[in-house]
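>
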Amino acid sequence: MKLAGKVVIITGGAGGIGKDASVCFANEGAHVVVVDCDPQQVEKVANEVNGFGLTVDVSRRDQVDWMVSEVINRYGKIDVLINNAGITMDATLVKMTQEQWDRVISINQTGVFHCTQAVVPHMIREGSGRIINTSSIVGRMGNFGQTNYAASKAAVIAMTQTWAKELGRKGILVNAVAPGFIVTPMTDKMPESVLQGMKEKIALRRLGQPRDVANVYVFLASDEASYINGAVIPVDGGLSI
Ligand code: NAP
70 MKLAGKVVII TGGAGGIGKD ASVCFANEGA HVVVVDCDPQ QVEKVANEVN
120 GFGLTVDVSR RDQVDWMVSE VINRYGKIDV LINNAGITMD ATLVKMTQEQ
170 WDRVISINQT GVFHCTQAVV PHMIREGSGR IINTSSIVGR MGNFGQTNYA
220 ASKAAVIAMT QTWAKELGRK GILVNAVAPG FIVTPMTDKM PESVLQGMKE
270 KIALRRLGQP RDVANVYVFL ASDEASYING AVIPVDGGLS I
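Take 70 as the starting number for the sequence shown in my numbering and just add one per residue.
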């Protein structure tokens, strides 16, 4: 097992990609902390992976601070933080409301800032840690109807590179994963015609599965990735080339 005894927080850990990640990390021997919004889903997935479930809205700093104190009280350390929670609220630029802009930025961008800033002091104390952020190819390429989402995911790349520079000397590695189109409740919201059009642009001619992304999270958390810092790894079947 690659991650025996490691304490791993996975935000959005009860959702599409996050749920598969919770399972993959548990299979590698990690203590998985499933962090998500819906208490029933949190409990269900935490039980499935024999982990610790916490119902937290990552956009709320008070809840994130509580999450970190709960994890430290239980395990005494945090080895890996996966900033996977994210939402979409799509509209074209002209139609986008202030609420749609604010909500997406508050979760996808500010939520990543909250969790990382709250966790990092504990990693500095240990002299080691891994931060894995979930961006998107949309953060590099833009996407029709996703001003808010694209901006938040570009910010995730910028924060990843900044923190890799700041924290590398403290033994903390910071990387991002940039998924393409993965079959989850998030993409279930997209019209079938759009998904079909996407498939034709993907070199592998298929959408990704949550496990395709979860496997990269596990790799980035493992000893095998100990010289990778500040990278943004596409997991998109060749859509962005
Ligand atoms: P998903 O199935 O919707 O899962 C996201 C999870 O995050 C859900 O369980 C959701 O809870 C939770 N969440 C939402 N807001 C939260 C908050 N404020 N605090 C804590 N948890 C919150 O989406 P996914 O496809 O697995 O996406 C996972 C990550 O991959 C996201 O960052 C997404 O942007 C990124 N991504 C996905 C794709 C894709 O094609 N699927 C592509 C590129 C990047 P609720 O369901 O209760 O809201």
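Cβ coordinates follow ideal geometry from the N, Cα and C atoms, glycine included.
Using the DSSP secondary-structure output, state which residues sit across from R199 in a beta bridge.
The partner list for R199 (beta bridge, DSSP) reads V149, L242.
> With a threshold of 16 other CB atoms inside 10 Å of the CB of K234, please say whether the residue is buried or exposed.
An exposed status is given to K234, since fewer than 16 other beta-carbon atoms sit within 10 Å of its beta-carbon.
> Would you call the CB atoms of T179 and S128 closer than 8 Å?
yes
> For the alpha helix (DSSP H) containing G87, name the first residue and the last one.
85-96
> Just to check, is the beta-carbon of I226 closer than 7 Å to a non-hydrogen atom of the ligand NAP?
no
> Does D171 come out as helix, strand or coil in the three-state DSSP assignment?
helix
> Once DSSP output is grouped into helix, strand and coil, what is the label at A99?
The DSSP-derived three-state label of A99 is coil.
> Let me know the secondary structure DSSP gives I141 once reduced to three states.
It is helical.
> Write down every uninterrupted run of the beta strand (DSSP E) in the segment 256-304 whose length is 3 residues or greater and which is fully enclosed by it, in chain order.
301-304
> Measure the C-alpha to C-alpha separation of C93 and N284 and round it to an integer number of angstroms.
7 Å
> In whole angstroms, what separates the C-alpha of Q110 from that of F121?
12 Å
> Can you tell me whether A272 is buried or exposed? The criterion is at least 16 other CB atoms within 10 Å of its CB, across all chains shown.
exposed
> Could you say if the segment 192-207 and the segment 161-175 meet the contact criterion of at least three C-beta pairs nearer than 8 Å?
no
> Just list the residues that DSSP pairs K105 with in beta bridges.
The sequence shown places Asp at residue 105, rather than the Lys named in the question. DSSP lists T124 as partners of D105.
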